[in-house]
Amino acid sequence: MTTPRDLMFVALDAATGNADGMETSRPLEWGDVSLALAGAELIDLLGVEAVRLDEDRLVPGQRPALADHLLDEAASSLVRETPYESVDDWLWRRGRGLATAYPTALEAEGQLTRRRRRLPLRTGRTVPADSAAHRRAADRWAARDPVLTALAAAAGIDDPHAATPPDVADDAVATVLAAVNNAVRELEAVRQRRAIERAAFDNIWRGDGQ
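Residues 47 to 256 in this note's numbering are what the sequence shown spells out, letter by letter.
Following this line, the structure appears as structure tokens:
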């Protein structure tokens, strides 16, 4: 399995209350999860030397054969012309829709199932199946893998057992994690601004109706 798939399992477990040892202070924002998934892809691509960092630029490396089709798609999408792409640009471009793409892929592979409800005609919500892949992701989470824990935290999943942020020794990985956190904060600022604008618009209309 890959880091983004492990992260997707963790996010689904957190969203559905399907596992202990994780919590969310608020409902997950799937845009945040998408950004974290893009960061997870990039970290795995760094690990197989498909890309390297030159300051904040992504310099493509060798083109390895990757069994995971989404990760292979990510490798294929690397910009191969100078001045190359920044980590930030990658997160926003590649992250678009990943929180949908990964569950779709997992469901097609039989890695997800639907939790049935008692009421008729209710199919319930999609949850991870009891599979070897899901168990490996859960084991990685239980072991407090620093990369997975940091990505999950960026996506809004809290680790109640972590008193301090995980320590990541690899400078390139730490750069990606910092960029993910910055992108999530930027997205939250956009949400807040839009909420204020909507509230102001609603107040105008309520005022006109009085």
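Positions of the beta carbon are idealized from the N, C-alpha and C atoms, including for glycine. Model, not experiment: these values are computed from the prediction.
Residue environment, residue i, which counts as buried when at least 16 other CB atoms sit within 10 Å
| i | result |
| --- | --- |
| Ile203 | buried |
| Thr169 | In this prediction, Thr169 scores a pLDDT of 40, lower than 50, which makes its location untrustworthy; no coordinate-derived value is stated. |
| Gly143 | exposed |
| Asp78 | buried |
| Asp176 | exposed |
| Gln108 | exposed |
| Arg140 | buried |
| Leu167 | Bear in mind that the predicted position of Leu167 carries a pLDDT of just 36, short of 50, making it unreliable; the figure below should be weighed with that in mind. Exposed, because fewer than 16 other Cβ atoms sit within 10 Å of the Cβ of Leu167. |
| Val219 | buried |
| Ala200 | buried |
| Asp100 | exposed |
| Arg239 | exposed |
| Arg244 | exposed |
| Ala184 | buried |
| Ala61 | buried |
| Arg164 | Bear in mind that a pLDDT of 45 at Arg164, under 50, signals an unreliable position, so the number given afterwards is only what the model happens to contain. By the neighbour-count rule (16 or more Cβ atoms within 10 Å), Arg164 is not buried but exposed. |
| Pro73 | exposed |
| Arg190 | exposed |
| Asp213 | exposed |
| Ala215 | exposed |
Strand pairing of residue i, partner residues [DSSP]
| i | result |
| --- | --- |
| Leu158 | Pro174 |
| Asp59 | According to DSSP, which records beta bridges pairwise, Asp59 is partnered with nothing at all. |
| Arg103 | Asp100, Ser132 |
Residue i versus the options, residue with shortest Cα-Cα distance
| i | options | result |
| --- | --- | --- |
| Pro110 | Ala178, Leu91, Val230 | Leu91 |
| Val230 | Asp114, Ala175, Thr172, Asp134 | Asp134 |
| Glu95 | Val79, Leu74, Leu116, Leu124 | Leu124 |
| Pro259 | Trp138, Arg140, Arg103, Arg186 | Since the first residue shown for the chain is 47 and the last is 256, residue 259 is missing from the structure and cannot be characterised. |
| Leu112 | Leu99, Gly93, Leu137, Ala57 | Gly93 |
| Leu223 | Val193, Ile250, Gly141 | Val193 |
| Glu75 | Ser132, Glu234, Trp187 | Glu234 |
| Ser132 | Thr48, Thr221, Ala57 | Thr221 |
| Leu158 | Thr49, Thr48, Asp59 | Asp59 |
| Thr54 | Arg244, Leu88, Pro174 | Sequence inspection shows Met at residue 54; the Thr mentioned does not correspond to that position. The candidate whose alpha carbon is nearest that of Met54 is Pro174. |
| Asp217 | Ala121, Ile89, Asn228 | Ile89 |
| Trp187 | Arg51, Ala215, Val56 | Val56 |
| Ala225 | Thr172, Ile250, Trp138, Leu152 | Trp138 |
| Glu87 | Arg190, Leu197, Asn228, Val214 | Leu197 |
| Arg23 | Arg98, Glu153, Leu152, Thr49 | The structure shown does not extend to residue 23, since the chain spans only 47 to 256, so no value can be given for it. |
| Gly63 | Thr172, Val214, Trp136, Arg51 | Thr172 |
| Asp52 | Pro106, Ile242, Ile250, Ala151 | Ala151 |
| Met47 | Trp136, Asn227, Glu155, Asn228 | Glu155 |
The stretch 78-95 touching the stretch 133-149, judged by at least three CB pairs closer than 8 Å: yes
Ignoring anything shorter than 4 residues or poking outside the stretch 166-239, list the alpha helix (DSSP H) runs there in chain order. 178-188, 192-200, all fully within the stretch 166-239.
Three or more C-beta pairs closer than 8 Å, one from the stretch 179-189 and one from the stretch 98-118: is that the case here? no
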